[in-house]
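Residue numbers (UniProt numbering): 1 to 433.
Each residue gets a CB set at the ideal place from its N, CA and C atoms; glycine is no exception.
Shown next, in structure tokens, is the structure this report addresses.
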Amino acid sequence: MTALGMALMVGAGTHPRVSIRDEDDDHTKLVEMQPPDFNVISQDADDMNAQLKRRQGTKKRGASKATPQVVRTWLRIEPNGEGNVLQADKYKLTTKLGIQTRDLRLLDPHFSATYPSCILCRDKSVVVNLEHIKAIITTKFMLVVNPEEDATIKFISSLKERLASPSNSLGKVLPSMGDLQRTGQQAIPRLDVDLPFELRALEICLDELASEFDLATSELEASAYPSLDSLANKVTSPKLEKVRRIKNRLVRLTTRVETVREVLEKFLNDDEDMHDLNLTANEAKQTAQEEPDLATVSKVSERSIASTNSSLVESEVAEVEMLLETYFMHYDNTYNRLKTLNEYIKDTEDLVNIKLDQHRNQLITTDLILTALTCGMAIITTISGIFGMNLDSGLQVSPNVFNEVTIATCLGALILFVAFIIFAWRRGLLSWS
């Protein structure tokens, strides 16, 4: 019986009858209890409620201590270039930006070597993981992770400067794109397109990374070509070690450039993925779908609306395609430069191998000549050994036998040596060049 029920019974002037079950006996005894004091009952109920609240508060504090939220520092950059530092946990970010927890794992600096470069489209944002550029782009702001790192500071400075600039930068490709003009290819025209904020931010990310790749490629070419030419002239161990280090740098840089190039190529091959990058257009489309439709629409109106939507989608995709295609050409140009350098290294390696084969053939020729000469000397040694035996033959009495044997033996060995050399030369076993 609750405290409220007992209080009501006291107020009514009745004596509550309580049924108490005795655990030792199987029968139930009815015990008539005297009505307790109302104030005591109310006080007991208040104490029980207070204890229950304290227990619930203790459980909540224990649960919060058991599962602490991971708070990370982000730099929020507005469309005008202004930025402010904020701290947010994973739950708030995933809820507000419409991303998943594994997307935040891609942006974790501790796993930068685990996950390759990628660009992910989500409902409300675009997740960018390009080397040291790790950011989340929305239609209204951009979040950059780890703003205190040196590489990120340089990127943030350029990002703020370019966002604050009113001029659009699409089509203003890096200086290295002038190589296309020097090679006779068609130059990329300057594009005058008013891009939404998310595409402008994505363009800056691609441009900064392309600048880094272009600079690294130029530095690698400046050190590689002279070293390869020097190695082709004369092969030494220090030069071989230097070329080996250059080749390792080339392989790593080629892998990085090829990864980003494949990311852009994947988007260019799928119009839906390119349209998903245009978050502003997607939000406008969702807003239009949420508006109430008219009750009656003619078939002609439906056709005109469908045609208008189709042309609008094509124009939205065209904006993204122009952006991605411009930087895809730049990354492809850098990739081709690295492939050309790799082919030059392979050609140098082939030339070095040919020279080493030539030196090896010269050593084999020298060894063959020395072997033939040693064979002739062995004949002379054999004759001298025969005449050196302590046996009485009678030839030692003649004064001219020694000279005759010596001259004949030397001439015979020389004739055999010359005959072998002529035979080997005619057979092509010896080369004098």
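The alpha-carbon separation between L199 and L250 amounts to approximately 31 angstroms. With contacts defined as CB atoms closer than 8 angstroms, L130 and V260 qualify as a contacting pair. For L231, there is no enclosing beta strand (DSSP E); the residue is part of the alpha helix (DSSP H) that begins and ends at 197-233. Between the alpha carbons of L264 and F328 lies a distance of about 6 angstroms. Comparing alpha carbon positions, the residue from P116, V257, T152, R244 closest to F213 is V257. Contact between P109 and N146 holds: CB atoms are separated by about 5 angstroms, below the 8 angstroms threshold.
Inter-residue distance for V85 and E203 is about 23 angstroms (C-alpha atoms, whole angstroms).
Beta bridge pairing from DSSP links C410 with no other residue. Assignment of A113 by DSSP, reduced to helix, strand and coil, places it in the coil class. Restricting attention to A224, L370, K90, the CA atom closest to the CA of V71 is found in K90. DSSP, reduced to helix, strand and coil, places T365 within a helical segment of the structure shown. Beta-carbon to beta-carbon, L279 and V126 are separated by about 7 angstroms, close enough to satisfy the 8 angstroms threshold. DSSP places N129 inside the beta strand (DSSP E), whose first and last residues are 126-130. In the structure shown, the three-state DSSP call for M329 is helix. Under the three-state reduction of DSSP output, G376 falls in the helix class. If you look at N278, you'll find it isn't in any beta strand (DSSP E); DSSP assigns it neither H nor E. A check of alpha carbon separations from C410 across L430, W425, S384 identifies S384 as the nearest. Residue nearest to S165 within the set N80, Y225, R76 is N80 (criterion: CA-CA distance). The C-alpha of I345 is placed about 15 angstroms away from the C-alpha of K355. In this structure G376 is buried. Its beta-carbon is surrounded by 16 or more other beta-carbon atoms within 10 angstroms. In this structure, T94 keeps its C-beta atom at 8 angstroms or more from the C-beta atom of Q87. DSSP lists no bridge partner for L93.
Under the DSSP assignment, K160 falls outside any beta strand (DSSP E), being part of the alpha helix (DSSP H) whose first and last residues are 150-164. Excluding five sequence positions before and after T334, the CB atoms of its chain that fall closer than 8 angstroms to its own CB belong to S176, A210, F213, D214, T217, V257, given in chain order. By the Cβ-count criterion, D357 is exposed, with fewer than 16 other Cβ atoms from all chains shown falling within 10 Å of its own Cβ.
Between D103 and L120 the beta-carbon gap is near 6 angstroms, inside 8 angstroms, which marks them as a contact.
In this structure, the alpha-carbon of T406 lies about 11 angstroms from that of I379. Remark: C-beta atoms of A232 and T348 approach each other more closely than 8 angstroms. L351 sits in a helix when the DSSP states are folded into three classes. Under a 10 Å Cβ-count criterion, R244 is classified as exposed, with fewer than 16 other Cβ atoms of the shown protein chains found around its own Cβ. R72 has A88 as its beta-bridge partners, per DSSP. In this chain, the beta strand (DSSP E) harbouring K134 covers 133-137.
Apart from the 5 residues on each side of it in sequence, L253 sits with its Cβ closer than 8 angstroms to the Cβ of F213, A216, T217, L220, L338 in its chain, given in chain order. The beta-carbon distance between T365 and S431, rounded to whole angstroms, is 6 angstroms. This is short enough to meet the 8 angstroms contact definition.
The residue from V235, V317, T287 with its alpha-carbon nearest to that of N269 is V317.
Around the beta carbon of V397, fewer than 16 other beta carbons sit within 10 angstroms, so the residue counts as exposed.
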